[in-house]
Structure formats: structure tokens, C-alpha cells
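Colleague: Residues are numbered in the working numbering as their position in the sequence shown, beginning at 1, plus a constant of 859.
Okay, here's the structure, questions in a sec.
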Amino acid sequence: MQNLISAAAQAGEQFTDDELEQFAAQMRRDLLPLCFAVPGEGFIIDTADAKTRRSHINGHSLAEIQLRYPGAVLVPLAEYVEAKAQAQDAPGRWVPVTEDRFHEMLNVLPPAAWQGGAFLVGEASDHHAASGRPRFTCYRERGEEFAMYSRAMTHNEFVAQFGACEFYYNT
């Protein structure tokens, strides 16, 4: 997929972030296999061969997978990715933290982004399932109140909440 994008860029094609994400989603639907996963968990157990329906790593069937992971199902990987992305995009909320915790997280690494008393912790906590963009833990200070966002957020989400800022994370 990256080769197709690179070739198009060399030919002078320009793509928006939305166009790239739509292209990546279509590629996942067209090319990616099945996977074993437990609904609601944040990971896949293994991918599966579309013909044999057995896991790629150990050649296990769904019944064998379920012995170790009760509730596991066999789903298209693209469907799993879309469901995980929807869960990652669910609205979050600000959760109070202590001033000490705020400063500890501010000082553990240089922030990935900083704007108006809010910052993204300098290392990604995970990546968005659909876009692959890094997601970060976010903290903010408002006067004497300190808080952490209840879910990781992308840089774009941070900018939407706090305004334009430098992004220091090496992507």
C-alpha cells in the first residue's frame, strides 16, 4: 500500500488525510484475512487462513482457540479494526488527577504537544486502529484543577480541543 502511495506522490498526486484513510480502509477490506478475537478486548489473538479457518501461528481451530480464550470468535480483520476504531473514537471525559500526577506525567518525557496548560504525554500509548495514527494520554491544567482525558487521543483531536500547536512526536 505504501508503495502505491509513494508512486502516486512521485507522479505529482496529492492526497488529503481523509483520502488516505479511505484508501487504507478499502485495502484492509480487500486484502486482510480473518482473525480470532474476543469482542470488547483490545487485541486480536491471531489471524486465520481464509480457506482452512485455522490460526496462522499454531494452526488452531476456533474450538481450540476458545479453550484458551473463552468467547473468542472468527471475524474478518477489517470488521475487527472498524469496531476497535469506533470504540477508540467514543467520547471521553476529563477525570480529576492530583497536581503531583500532572507534573509527574509532564516531566517523565518531553510532551508530544503542548498548548495552553494541556499536553500530550511524549510517548504514544497506542495507535488508532483504522488510521494508524499515534494516540497519547492527555492532561490539562485549569487554574487549580488538574485532569486527564479518559481515553487516548490523536494530535488532531488535541488540536480540535486546544488549538493549533507544534507536534513534537517523531512519527
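Quick reminder that beta carbons are idealized off the backbone N, C-alpha and C, glycines included.
Note that the structure is predicted; figures quoted are calculated from it, not measured.
According to DSSP, is E963 part of a helix, a strand, or is it coil?
Modeller: For the purposes of this step, residue 963 is taken as the residue at position 104 of the sequence shown. Looking at E963 - three-state DSSP - the assignment turns out to be helix.
Colleague: On the criterion of 16 or more Cβ atoms from any shown chain inside 10 Å, does H987 qualify as buried, or is it exposed?
Modeller: Residue numbering aside, residue 987 sits at position 128 when the sequence shown is read from its first letter. Looking at its Cβ environment, which holds 16 or more other Cβ atoms inside 10 Å, H987 is buried.
Colleague: Cβ atoms of P898 and P1113: under 9 angstroms apart, would you say?
Modeller: As shown, the chain starts at 860 and ends at 1030. That puts residue 1113 outside it, with no answer to give.
Colleague: Measure the Cβ-Cβ separation of A977 and Q1020 and say whether it is below 9 angstroms.
Modeller: Reading the sequence shown from its first residue, position 118 is the one you call residue 977. Reading the sequence shown from its first residue, position 161 is the one you call residue 1020. Yes, they are a contact pair.
Colleague: What residue range is occupied by the uninterrupted beta strand (DSSP E) comprising F895?
Modeller: Within the sequence shown, residue 895 is the residue found at index 36, counting from 1. Taken as a continuous stretch (DSSP letters only), the beta strand (DSSP E) holding F895 covers L893 to A896.
Colleague: Just to confirm my understanding: we take E958, look at its own chain, exclude 5 residues before and 5 after, and list those with CB closer than 7 angstroms. What are they?
Modeller: Counting from 1 along the sequence shown, the entry for residue 958 is found at position 99. Cβ neighbours of E958 beyond the five flanking positions: F1005.
Colleague: Determine the closest residue to E1003 out of Q945, P970, E923 and V956, with distance taken between C-alpha atoms.
Modeller: Translated into positions along the sequence shown, residue 1003 becomes position 144. The option with the nearest alpha carbon to E1003 is V956.
Colleague: State the DSSP-derived secondary structure class of L968, mapped to helix, strand or coil.
Modeller: One-based indexing of the sequence shown puts residue 968 at position 109. Reduced to three states, the DSSP call for L968 is coil.
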